[in-house]
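**Student:** Residue numbers (the working numbering): 153 to 510. Note that CB positions come from ideal geometry on N, CA and C, so glycine has one too. Computed from a predicted model, the values in this text were never measured in an experiment. My structure is below; once you've seen it, I'll send some questions.
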């Protein structure tokens, strides 16, 4: 079934696609019903990636949903710095956390963002973010924490510090299953996910705090890990299953442009496992040119044929893990529904017996 965006309006880039539907607030299915899933997306990405991130998660959930109806609501943290550029979009399509507290969802997805502080606890949105983490434990079936959000989650709940890397962990990396779990059931190996981060979490430190590492990469380290907190399964991705084919390329071009503008001292490393040999050769030639002609205008000579050659080799892995996540939510809703039905039946029979005695 197609993903259904809740509210009076649908973000235009998603609405342009065929067979996409919206449902007004009065027509939303209640999250307690076991035949559908309501997911809240808390999108913290910078203005330049805000709408791209929407589309990435919408498309991934849509493809992973199968026969499950997935309703999605969009939320924004007021503490995330925003420019005038994004304000109209946020005001039109997003709501604040107060509406999340009032109208719970089955599950949440919380994105990362570009950090401005070395200590995440000094970020202006930290208070709101940890409120979400604490609330989710008792009010969701599961929550996905992506990249920086995963780092923030373990820092808040267990005091686990992330570790700065010498270079950006950037590219598409192979991972293997190291722990059996419903989220990784029937997923073919190697599991491929993109990564784009300057920090890492240590598997041993996670294990000491009872996190289960599900997938691990010899090149990228911890990939996916989980922990049950109260009633909610916290799912952490250090990578980005949601990325589409050109996302890493856009980030690479952005970092090159920062080098050309003098905003960074070194030329960025190319994403690993992403470009084919021909593209790698073209990019090496461009790097030499950029070193000779370090001006912002040089980006106009970025080889266009590279743009046309990239592929989302990780897509099957991404769809599989999110399909499993949605099925986990459905199964948990079914158990709750069955328990509630039994409890009501027992209560009803008890009342009937009491009436007979009187």
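Just the Cα atoms here: how many angstroms apart are residue 358 and residue 386?
**Tutor:** Straight-line Cα distance between these residues: approximately 13 Å.
**Student:** Whole angstroms is fine: what's the gap from residue 376's alpha carbon to residue 167's?
**Tutor:** Whole-angstrom Cα-Cα distance: 31 Å.
**Student:** Would you decide whether residue 511 is buried or exposed? Buried here means 16 or more other CB atoms lie within 10 Å of its CB.
**Tutor:** In this structure the chain extends from 153 to 510, so residue 511 is not present and cannot be described.
**Student:** Please name the residue, chosen from 345, 373, 269 and 380, that lies closest to residue 399 on a Cα-to-Cα basis.
**Tutor:** Looking at the Cα atoms, 345 is the closest of the given residues.
**Student:** Starting from residue 141 and walking both ways along the beta strand (DSSP E), at which residues does that stretch end?
**Tutor:** For the chain, the structure presents residues 153 to 510; residue 141 sits outside this window and is missing.
**Student:** Taking residue 287 as part of the alpha helix (DSSP H), name the residues at either end of that continuous run.
**Tutor:** First-last of the alpha helix (DSSP H) with residue 287: 278–291.
**Student:** Would residue 372 pass as a contact of residue 316 if the rule is Cβ separation under 8 Å?
**Tutor:** In this structure, residue 316 does not lie closer than 8 Å to residue 372 by Cβ.
**Student:** Can you give me the start and stop residues for the alpha helix (DSSP H) that residue 168 sits inside?
**Tutor:** Here residue 168 belongs to no alpha helix (DSSP H), and DSSP marks it neither H nor E.
**Student:** Within the region 181–250, note down every full beta strand (DSSP E) run reaching 3 residues or more, in order along the chain.
**Tutor:** Segments of the beta strand (DSSP E) lying fully in the region 181–250: 188–194 and 221–227.
**Student:** Output the distance between the C-alpha atoms of residue 393 and residue 440, rounded to the nearest integer angstrom.
**Tutor:** Residue 393 and residue 440: Cα-Cα distance of roughly 32 Å.
**Student:** Quick one: what does DSSP say residue 475 is sitting in, helix, strand or coil?
**Tutor:** If DSSP states are grouped into helix, strand and coil, residue 475 belongs with the helices.
**Student:** Using 8 Å as the Cβ pair cut-off and three pairs as the minimum, do the region 428–447 and the region 353–367 touch?
**Tutor:** The region 428–447, when compared against the region 353–367, does not touch it at the 8 Å Cβ threshold.
**Student:** For residue 382, is the classification buried or exposed, using 16 other Cβ atoms within 10 angstroms of its Cβ as the cut-off for buried?
**Tutor:** Classification for residue 382: exposed.
**Student:** The beta strand (DSSP E) with residue 156 in it runs from where to where?
**Tutor:** Unbroken beta strand (DSSP E) run through residue 156: 156–158.
**Student:** Relative to the C-alpha of residue 430, which residue among 352, 473, 467 and 455 is closest?
**Tutor:** Closest option to residue 430, Cα to Cα, is 455.
**Student:** How would you write the range of the beta strand (DSSP E) that residue 343 sits in, first residue to last?
**Tutor:** Start and end: 343–352.
**Student:** If we call anything under 8 Å between Cβ atoms a contact, is residue 196 one with residue 264?
**Tutor:** The answer is yes: Cβ separation under 8 Å.
**Student:** For residue 266, name the three-state secondary structure that DSSP assigns.
**Tutor:** Residue 266: coil per DSSP, three-state reduction.
**Student:** Using a 10 Å radius around the Cβ and a threshold of 16 neighbouring Cβ atoms, would you call residue 370 buried or exposed?
**Tutor:** Its Cβ having fewer than 16 others within 10 Å, residue 370 is exposed.
**Student:** In whole angstroms, give me the CA-to-CA distance for residue 229 and residue 453.
**Tutor:** Taking the straight line joining both Cα atoms gives about 38 Å.
**Student:** Within the 8 Å Cβ cut-off, does residue 196 reach chain C?
**Tutor:** Of the chains in the structure shown, none is chain C; there is only one protein chain.
**Student:** Whose C-beta lies closer than 6 Å to the C-beta of residue 314 among residues of the same chain, with five residues either side of it excluded?
**Tutor:** If we look at residue 314 and ignore the five residues flanking it on each side, its Cβ neighbours are 303, 351 and 353.
**Student:** Are the region 331–343 and the region 280–288 touching by the rule of at least three beta carbon pairs closer than 8 Å?
**Tutor:** With a cut-off of 8 Å, the region 280–288 and the region 331–343 do not count as touching, because too few Cβ pairs lie within range.
**Student:** If I'm right that residue 434 touches residue 412 with Cβ under 8 Å, what's the distance once you round it to whole angstroms?
**Tutor:** That pair is no contact at about 17 Å.
**Student:** Could you check what DSSP says for residue 388 in three-state terms: helix, strand or coil?
**Tutor:** If DSSP states are grouped into helix, strand and coil, residue 388 belongs with the strands.
**Student:** Rounding to the nearest angstrom, what Cα-Cα distance links residue 427 and residue 296 in this structure?
**Tutor:** Taking the straight line joining both Cα atoms gives about 29 Å.
**Student:** Return helix, strand or coil for residue 369, following the three-state DSSP convention.
**Tutor:** In this structure, residue 369 counts as strand in the three-state DSSP scheme.
**Student:** Using 8 Å for Cβ pairs, my map puts residue 191 next to residue 259. What's the rounded Cβ distance?
**Tutor:** Indeed they touch by this definition, with Cβ atoms about 5 Å apart.
**Student:** Taking its Cβ as the centre, do 16 or more other Cβ atoms sit within 10 Å of residue 165, making it buried, or is it exposed?
**Tutor:** Its Cβ having fewer than 16 others within 10 Å, residue 165 is exposed.
**Student:** When the Cα atoms are used, what is the spatial distance from residue 253 to residue 188?
**Tutor:** So the two alpha carbons sit approximately 20 Å from each other.
**Student:** I'd like the list of long-range same chain contacts for residue 266, defined as Cβ closer than 6 Å, with 5 residues on each side in sequence excluded.
**Tutor:** Cβ within range, chain order: 198.
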